[in-house]
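To keep things clear, I will list the structure first and then write my remarks on it.
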Amino acid sequence: MKELSKRTVVATAAIPFVLGLMYLGGWYLAVPLAAFAGWAAHELYRLAQEKGVNPIEWVGVTASVLFVLFAAWRPTFRDFAP
928 MKELSKRTVV ATAAIPFVLG LMYLGGWYLA VPLAAFAGWA AHELYRLAQE
978 KGVNPIEWVG VTASVLFVLF AAWRPTFRDF AP
């Protein structure tokens, strides 16, 4: 199977799934986004390590996941206003 064919098959399955998550919103959207953010941060740190940088990976990955989950838990900052 050629590369474009693989991408088309994945997009055909993924687009309705992502649109469904966006329609549901809330935690149904936040949890996969948090997982994706953690994966993306891990990939970023892996690339940095290949260039000789020694980041504290667990802090960045944990922070990226918690940031997304916190945004879903408290979507506005009015809760923290005096």
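Going by our numbering, 1006 is the number at position 79 of the sequence shown; the sequence numbering is gapless. Cβ coordinates follow ideal geometry from the N, Cα and C atoms, glycine included.
- Look at Lys978 here: in three-state DSSP terms it is coil, with no helix or strand label.
- Below 8 Å, enough C-beta pairs join the region 983-1000 and the region 961-974 to call them touching: three or more.
- Under the three-state reduction of DSSP output, Thr939 falls in the helix class.
- Between Leu956 and Met949, the gap from beta carbon to beta carbon is short of 8 Å.
- If one requires a minimum length of 4 residues, the alpha helix (DSSP H) runs lying completely within the region 948-1004 are 953-977, 984-1000, in chain order.
- Each residue's CA atom was taken as its position, placing Arg1005 and Val995 some 17 Å apart.
- Of Asn981, Val936, Leu951, the smallest CA-CA separation from Ala999 is found for Leu951.
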